[in-house]
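Novice: Here's a structure for you.
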Amino acid sequence: MYRLVILFTVTATCALIASCASPQPKPSVSLSLVRATGDTIVIQNVSVFDSEALTVSPNMDVLIQRDRIVAVLPTGDLQSTAGTKVISGEGATLVPGLIDMHGHISTTTGPTWEFGTPDPEAILRSYVYSGVTTVFDPADASDEAFERRDQVARGEIIGPRIYTTGKMLTCSDGHPRSLVSALVPAWIAWYIEPQVATAIDTEDEAISEVDALADAGADAIKIAIDRIPLDSERMTVTVATAVATHARTRGLRTVAHIGTTQDAIDAAEAGVALWVHGVYKERIPEESLAKLARYGIPMVTTSEVFDRYARALEPIVPTKLERETVSQAVLDSFYPTPDDFDLGALQGWLDLAVDTVDVRTDNVRRVHEAGITVLAGSDVQSGVFPGPSLHRELANLVKAGFTPAEAIRAATLDPARFLADNGALETGKIAAGLRADLLLVEGDPTQDIGALANIREVVLNGNVVERTPVSNAP
Ligand SMILES: [Zn+2]
């Protein structure tokens, strides 16, 4: 038995590096897709959420054929066809399938002190179980990242539609490589560092690594502009600019991990198209807020992941979806912390996460008010579970002053627009012609965001998903 693991990959990538033991897979949810006979489904007499107008229209019928929404009409206006599968929408609201703009597919979610191996297919199922039908993964360090995305697209694996950057780019001792060098003995760190992120320190290296990712099929390029631990190195604006500029010549946009206001400004000046975190290390100065807004770049504020790190030493109080998708044994394994557990070089960073809880909520409220488009993203990591964590994130947005309808838009229409990149909208709205990725929930989530977790049906690509929660049977 011999295992080598990185304990912590804060706001980063996969945890596992090598394992000669074959780990027991953790219990996970199971799903099956049901294709309606005749490929036609009607969701009848349902309240339909309009993600553009932020209104709910009651008593509607939504007709789905194959993988597309073909009509949205008042109940009674549709001609019924023999063989159509009818789903009752009574007492329920239909929203577009959710989009997580900071998901991770090849990562682990157990306690930081435990060994773990990523189970990407279980992660994909957990997303779908929770109503997440599209995921943007800004950092999948596994060799299978692009192939897995394509397998999902071809229907060979059940999962949300994936957009992925593949492995992220950073400077030699930048996040997350800096975490490895801080936490892992040097004799093995040299081996692990290139597996979590590719180092680029010059413009030439930036160009050749962007080319490599573009050739491999990346949907975007991810760079890290942050210091974790707090005294580590950070990518320069010159190198970041070389990345974003060259990526554009390859038809790709660049997205950036950031920490401070200055990181956000430097990323924007370099030409990135998206901040995949909010400013989490400090209160955004008033004068910088308007400046950030002028860049016209959306921000994925990822409150939940930092809040979870702030609560890292506390037990997890599971939400309904966490109880349904995460085994009790895993939930219990977060507490108590082992006596000999030492955060080492990360202690300062964790202390900062604790100190900035209110500042971060306030930053989200202020960037929203300043007119920056906030996209919902959860950043799956230790204790931040794929699917349920997006629901937590939406509750955080409401806590930061979003109306529930605005929060849902941040996980539907707005990210769909970003992903469409000025092309035709594929999803994010309930309208004829769009992909039939839908979430039917009890009650009205525009009144209570928590209603989004009371899922009656998930429709993925025109398939009704049969969802079986995790089994906690011994
Ligand atoms: Zn991340």
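For the sequence shown, the numbering used here begins at 1 and goes up steadily by one. Beta carbons: idealized from backbone N, C-alpha and C, even for Gly. Treat the numbers as computed from the prediction; the structure is a model and nothing was measured.
Cβ of Leu33 within 8 Å of Cβ of Val465?
Specialist: Cβ distance < 8 Å, so Leu33 and Val465 count as in contact.
Novice: Have a look at Phe385 and Ser327 and give me their C-alpha separation to the nearest angstrom.
Specialist: Rounded to the nearest angstrom, the two C-alpha atoms are 11 Å apart.
Novice: What are the start and end residues of the alpha helix (DSSP H) that includes Pro285?
Specialist: No alpha helix (DSSP H) contains Pro285, which DSSP labels as neither H nor E.
Novice: Out of Arg177, Ile188, Ser389, which has the shortest C-alpha to C-alpha gap to Arg323?
Specialist: The shortest Cα separation from Arg323 among Arg177, Ile188, Ser389 belongs to Ser389.
Novice: If you check the beta carbons only, do Val470 and Pro58 fall under 8 Å apart?
Specialist: Their beta carbons are not under 8 Å apart, which means Val470 does not touch Pro58 by this criterion.
Novice: I'd like the span of the alpha helix (DSSP H) that includes Thr361, first residue to last.
Specialist: Taken as a continuous stretch (DSSP letters only), the alpha helix (DSSP H) holding Thr361 covers 357-369.
Novice: Using a Cβ distance threshold of 8 Å, determine whether the region 256-270 contacts the region 218-230, with at least three qualifying pairs required.
Specialist: Touching, per the Cβ criterion.
Novice: Using CA coordinates, which residue listed in Ile43, Thr373, Leu252, Leu440 is at the minimum distance from Thr84?
Specialist: Looking at the Cα atoms, Ile43 is the closest of the given residues.
Novice: Assuming contact is defined by CB atoms lying nearer than 8 Å, are Ile284 and Asn396 in contact in what I supplied?
Specialist: No, the Cβ-Cβ distance between Ile284 and Asn396 is not below 8 Å.
Novice: Return the bridge partner residues of Ser32 from the DSSP annotation.
Specialist: In the DSSP output, where bridge partners are listed per residue, Ser32 has Glu466.
Novice: Along the chain, which unbroken stretches of the alpha helix (DSSP H) at least 4 residues long are found entirely within the region 266-318?
Specialist: Listed in chain order, the complete alpha helix (DSSP H) runs (minimum 4 residues) inside the region 266-318 are 286-294, 303-310.
Novice: Apart from the five residues just before and just after Asp421, which ones in its own chain have a Cβ nearer than 8 Å to its Cβ?
Specialist: Hits under 8 Å: Arg253.
Novice: Measure the Cβ-Cβ separation of Val70 and Met60 and say whether it is below 8 Å.
Specialist: No.
Novice: Mind checking whether Gly428 and Ile99 have CB atoms under 8 Å apart?
Specialist: Yes, they are a contact pair.
Novice: Tell me which residue opens and which closes the beta strand (DSSP E) that His257 is part of.
Specialist: Where His257 is concerned, the enclosing beta strand (DSSP E) stretches over 254-258.
Novice: Using 7 Å as the cut-off, classify the Cβ of His368 as near or not near the heavy atoms of ligand 1, replying yes or no.
Specialist: No, ligand 1 has no heavy atom inside 7 Å of this Cβ.
Novice: Straight-line CA distance for Leu478 to Gln65?
Specialist: With the chain covering 1 to 474 only, the question about residue 478 has no answer from this structure.
Novice: Would you say the region 259-269 touches the region 232-251, given that touching needs at least three Cβ pairs under 8 Å?
Specialist: The region 259-269, when compared against the region 232-251, does touch it at the 8 Å Cβ threshold.
Novice: Kindly give me the distance between the Cβ atoms of Ala242 and Ile297, rounded to whole angstroms, as I take these residues to be in contact under 8 Å.
Specialist: The pair is not a contact, with the Cβ atoms about 19 Å apart (cut-off 8 Å).
Novice: Could you give the distance in angstroms between the alpha-carbon of Glu114 and the alpha-carbon of Asp219?
Specialist: Distance between the alpha carbons of Glu114 and Asp219 is about 32 Å.
Novice: Does the distance between the C-beta of Asp226 and the nearest non-hydrogen atom of ligand 1 fall short of 7 Å?
Specialist: Outside the cutoff, so no.
Novice: On a CA-only basis, which of Glu52, Ile188, Asp39, Ala199 is nearest Ile408? Give me that one, please.
Specialist: If we check each option's Cα against that of Ile408, Glu52 comes out closest.
Novice: Is the separation between the beta-carbon of Pro404 and that of Thr446 shorter than 8 Å?
Specialist: Going by C-beta atoms, Pro404 is nearer than 8 Å to Thr446.
Novice: Going by C-alpha distance, which of Ala329, Arg250, Gly377, Ser333 is nearest Thr302?
Specialist: It is Gly377.
Novice: If you compare alpha carbons, which of Lys291, Ser172, Tyr295 is closest to Val239?
Specialist: Checked all of Lys291, Ser172, Tyr295; the closest Cα to Val239 is Ser172.
Novice: Can you list, in chain order, the stretches of the beta strand (DSSP E) that have 3 or more residues and sit fully within the region 385-473?
Specialist: Listed in chain order, they are 438-442, 455-460, 463-468.
Novice: Nearest to Asp50 by CA position, among Ile41, Thr109, Val62, Lys291, is which residue?
Specialist: For the residues Ile41, Thr109, Val62, Lys291, the minimum Cα distance to Asp50 belongs to Val62.
Novice: Run the proximity test for His175: is its beta-carbon closer than 7 Å to any non-hydrogen atom belonging to ligand 1?
Specialist: Checking every heavy atom of ligand 1 against the Cβ of His175, none is found closer than 7 Å.
Novice: What residues in its chain sit with their C-beta under 6 Å from that of Gly462, if we drop five residues either side in the sequence?
Specialist: The residues are Ile64, Arg66, Asp67, Ala436.
Novice: Can you find a heavy atom of ligand 1 that lies under 7 Å from the Cβ of Asp307?
Specialist: Answer for Asp307: no, Cβ out of range of ligand 1.
Novice: Identify every run of the alpha helix (DSSP H) within the region 126-187, keeping only runs that are complete inside it and at least 4 residues long; order them along the chain.
Specialist: Counting only runs of 4 or more, we get 145-153, 177-183.
Novice: Taking 7 Å as the cut-off, is the CB of Ala495 close to at least one heavy atom of ligand 1?
Specialist: The first residue shown for the chain is 1 and the last is 474, placing residue 495 beyond what the model contains.
Novice: Say whether the region 412-426 touches the region 330-346, bearing in mind that this needs 3 or more beta-carbon pairs closer than 8 Å, one atom from each stretch.
Specialist: The region 412-426 vs the region 330-346: no contact.
Novice: Could you check where the beta strand (DSSP E) with Leu94 kicks off and where it finishes?
Specialist: It spans 92-96 - the beta strand (DSSP E) in which Leu94 sits, taken as one unbroken run.
Novice: If you draw a straight line from the C-alpha of Arg456 to the C-alpha of Thr361, how long is it?
Specialist: Taking the straight line joining both Cα atoms gives about 31 Å.
Novice: Look at Pro318 and Tyr335 and say whether their C-beta atoms are less than 8 Å apart.
Specialist: No, Cβ-Cβ distance for Pro318 and Tyr335 is not below 8 Å.
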